[in-house]
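Contents: one structure, followed by commentary.
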Amino acid sequence: MIKGYFDNAATTYRKPEGMYEFIADYMSSYGANVGRGEYNTAMTSGKLVSDTRNKLLALMNAPEDRVAVFTPSATIALNMLIFGLGLKKDDVIYISPFEHNAVLRPLYHLQESLNIQIQFIPMLKKDKYKYDLVQLERYMKNAQPKAIILSQVGNVLGNIAPAEEIGKLAAKYNVISIVDGSQSCGVLECDLHYIDYYVFDGHKTLLGPTGIGGFICRKQCNLTPYIFGGTGKDSANHDMPKTLPERYEAGTMNLVAIAGLNYSVGWLINNLLYVKTMEKRNRERLYHLLELYNYLTIISPYHESSGIVSCKATGFTSDEFGKILSDRGIAVRTGLHCAPKAHEYIGSFPEGLVRFSVSALTSEKDFSALKNVLDELSDEII
Ligand SMILES: Cc1ncc(COP(=O)(O)O)c(C=O)c1O
Numbered sequence: 014m015i016k017g018y019f020d021n022a023a024t025t026y027r028k029p030e031g032m033y034e035f036i037a038d039y040m041s042s043y044g045a046n047v048g049r050g051e052y053n054t055a056m057t058s059g060k061l062v063s064d065t066r067n068k069l070l071a072l073m074n075a076p077e078d079r080v081a082v083f084t085p086s087a088t089i090a091l092n093m094l095i096f097g098l099g100l101k102k103d104d105v106i107y108i109s110p111f112e113h114n115a116v117l118r119p120l121y122h123l124q125e126s127l128n129i130q131i132q133f134i135p136m137l138k139k140d141k142y143k144y145d146l147v148q149l150e151r152y153m154k155n156a157q158p159k160a161i162i163l164s165q166v167g168n169v170l171g172n173i174a175p176a177e178e179i180g181k182l183a184a185k186y187n188v189i190s191i192v193d194g195s196q197s198c199g200v201l202e203c204d205l206h207y208i209d210y211y212v213f214d215g216h217k218t219l220l221g222p223t224g225i226g227g228f229i230c231r232k233q234c235n236l237t238p239y240i241f242g243g244t245g246k247d248s249a250n251h252d253m254p255k256t257l258p259e260r261y262e263a264g265t266m267n268l269v270a271i272a273g274l275n276y277s278v279g280w281l282i283n284n285l286l287y288v289k290t291m292e293k294r295n296r297e298r299l300y301h302l303l304e305l306y307n308y309l310t311i312i313s314p315y316h317e318s319s320g321i322v323s324c325k326a327t328g329f330t331s332d333e334f335g336k337i338l339s340d341r342g343i344a345v346r347t348g349l350h351c352a353p354k355a356h357e358y359i360g361s362f363p364e365g366l367v368r369f370s371v372s373a374l375t376s377e378k379d380f381s382a383l384k385n386v387l388d389e390l391s392d393e394i395i
């Protein structure tokens, strides 16, 4: 049984209480498909979807000219964006050293198949978590990259990237910017005026269910569709509809997950200050708790970080230590966290790290369970 859940970066486990009932109510009372009929329940599903889009745009303070596109996950959103850019041989793409495999693998595939060039955003020598924006500007001027992709919060360490500043620089040099907000949407702000594509993931910081993600983009964006199929509209057209979001939403959507997301995003909007305060407080509390144990070495930076504190455990591999915690009811992530370049960059490749991660809803019970286990281990390890 899980006594303390510290794997919120993988998926937030505690969700806003009312969400479960809202999903059940949606399933038992409505549950028709969107845009596939004019009957009442189909209209209700349609309203639910458009209301969820509007709530996401409101949560992100998106400019008027933006639309939220739904996909089954952040991974699929990132694949659609990367493959939809229409990259060609020798096109240069800049990424941060902290990107998830949802970014790396599509890019490696295009590197193999098309010979695109993957370059890394330069980091400051004196602070390895700070971006060298002066050098980056120079590179943008000279290399004329096609796009720049970066996660606002890295999923290995929780370090925060200056997404808005990089978005501004990209806009100045006509470079397409893609910000992966999987670990930050709803917790950190991001001014979307300068960001071309902003990816969100329903089941992480948005506190919703799995099976729903997407991206926010301009209504006039130029992305080539990557997935083709029925949309319930414009069915005689051989191409996907020209209008957004339908152009990028082939196939039946995960309406059950959207119902959950509708509830969780509404809840976030109504409790935004509480969520931001609690997320920050829980992260600081976690950091200061882990600091107390001399068999743990914290690798995550203290400042400019969100949600995550990753550590090395003296005398154990990360998997061994994770198993010890798991046997005592504490859930954490171990090994390589789907972002191998981040581990290489900080020197934790291939053994990985023990990643503890909180959300705004991490409870007193979680913390006391973790403290008890770490105290027990102190006695046993020393
Ligand atoms: C930064 C980041 N991007 C993308 C993803 C992919 O998300 P999903 O597995 O929900 O598609 C994750 C998941 O861990 C992530 O942390």
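Mapped onto this note's numbering, the consecutive letters of the sequence shown carry residue numbers 14 to 395. In this text, a Cβ means the ideal position worked out from N, Cα and C, and glycines have one as well.
Run the CB neighbour count on residue i, radius 10 Å, all protein chains shown included, and call it buried at 16 or more, exposed below.
| i | result |
| --- | --- |
| Val147 | exposed |
| Gln165 | buried |
| Ile173 | buried |
| Asp78 | exposed |
| Ala71 | exposed |
| Ser159 | Reading off the sequence shown, one finds Lys at residue 159, where the question assumed Ser. When all chains shown are included, Lys159 counts as buried. |
| Leu100 | buried |
| Asp214 | buried |
| Glu34 | exposed |
| Arg346 | buried |
| Glu112 | buried |
| Ser195 | buried |
| Gly360 | exposed |
| Lys325 | buried |
| Tyr358 | buried |
If you draw a straight line from the alpha carbon of residue i to that of residue j, how long is it in whole angstroms?
| i | j | result |
| --- | --- | --- |
| Thr237 | Lys293 | 38 angstroms |
| Leu220 | Tyr306 | 30 angstroms |
| Asp209 | Asn128 | 24 angstroms |
| Tyr18 | Lys154 | 46 angstroms |
| His316 | His251 | 51 angstroms |
| Met291 | Ser248 | 47 angstroms |
| Lys289 | Ser376 | 15 angstroms |
| Arg27 | Val371 | 10 angstroms |
| Pro29 | Thr65 | 16 angstroms |
| Arg231 | Gly245 | 22 angstroms |
| Ala270 | Phe83 | 11 angstroms |
| Pro254 | Gly264 | 13 angstroms |
| Lys139 | Ser319 | 21 angstroms |
| Thr327 | Ala344 | 19 angstroms |
| Glu262 | Val212 | 15 angstroms |
| Arg296 | Val322 | 8 angstroms |
| Ile229 | Asp20 | 26 angstroms |
| Asp145 | Met136 | 5 angstroms |
| Val105 | Met73 | 29 angstroms |
| Arg260 | Gly243 | 10 angstroms |
| Lys336 | Gly97 | 41 angstroms |
| Met32 | Arg151 | 48 angstroms |
| Glu389 | Tyr308 | 12 angstroms |
For residue i, which residues from the same chain have a beta carbon less than 8 angstroms from its beta carbon, with the 5 sequence-adjacent residues on both sides left out?
| i | result |
| --- | --- |
| Cys234 | Asp209, Tyr210 and Leu257 |
| Leu268 | Tyr39, Gly44, Asn46, Val47, Ser58, Leu61 and Val62 |
| Lys68 | Asn275, Val278, Gly279 and Ile282 |
| Leu302 | Phe380, Leu383, Lys384 and Leu387 |
| Glu304 | Ile311 |
| His443 | Past the edges of the chain, shown from 14 to 395, lies residue 443, and the structure says nothing about it. |
| Met14 | Gly342 |
| Val80 | Arg66, Leu70, Ile229, Cys230, Arg231, Lys232, Leu257 and Pro258 |
| Tyr121 | Ile131 |
Shorter than 7 angstroms from the beta carbon of residue i to some beta carbon of chain D?
| i | result |
| --- | --- |
| His350 | Among the protein chains of the structure shown there is no chain D, as only one such chain exists. |
Between residue i and the rest of its own chain, which residues show a CB-CB distance below 6 angstroms, the 5 nearest in sequence each way excluded?
| i | result |
| --- | --- |
| Tyr142 | Asn172 and Pro314 |
| Pro119 | Asn92 and Ile95 |
| Asn114 | Cys351 |
| Phe133 | Pro110 |
| Lys354 | Pro110 |
| Ile89 | none |
| Ile162 | Ile108, Val116 and Ile191 |
For residue i, I'd like the list of residues in its chain whose CB is within less than 7 angstroms of its CB, leaving aside the five on either flank, ordered along the chain.
| i | result |
| --- | --- |
| Pro76 | Leu205 and His206 |
| Gln124 | Ile131 |
#### Entry: Continuous alpha helix (DSSP H) assignments of at least 4 residues falling wholly in the segment 102–129
114–127
### Segment contact, 8 angstroms Cβ cut-off, at least three pairs: the segment 215–229 with the segment 269–289
The segment 215–229 is in contact with the segment 269–289.
#### Entry: Length-filtered (4 minimum) alpha helix (DSSP H) runs lying within the segment 306–358
331–340
### Query
Touching or not, the segment 315–335 and the segment 348–367, by the rule of three or more beta carbon pairs under 8 angstroms?
yes
### Query
Can you list the beta strand (DSSP E) stretches of 3 or more residues lying completely in the segment 126–156, in chain order?
130–133
#### Entry: Inside the segment 26–98 only - alpha helix (DSSP H) runs reaching at least 4 residues
31–42, 53–72 and 87–97
### Task
Return the chain-ordered ranges of every alpha helix (DSSP H) run that is complete within the segment 197–253 and spans a minimum of 4 residues.
Correct list: empty.
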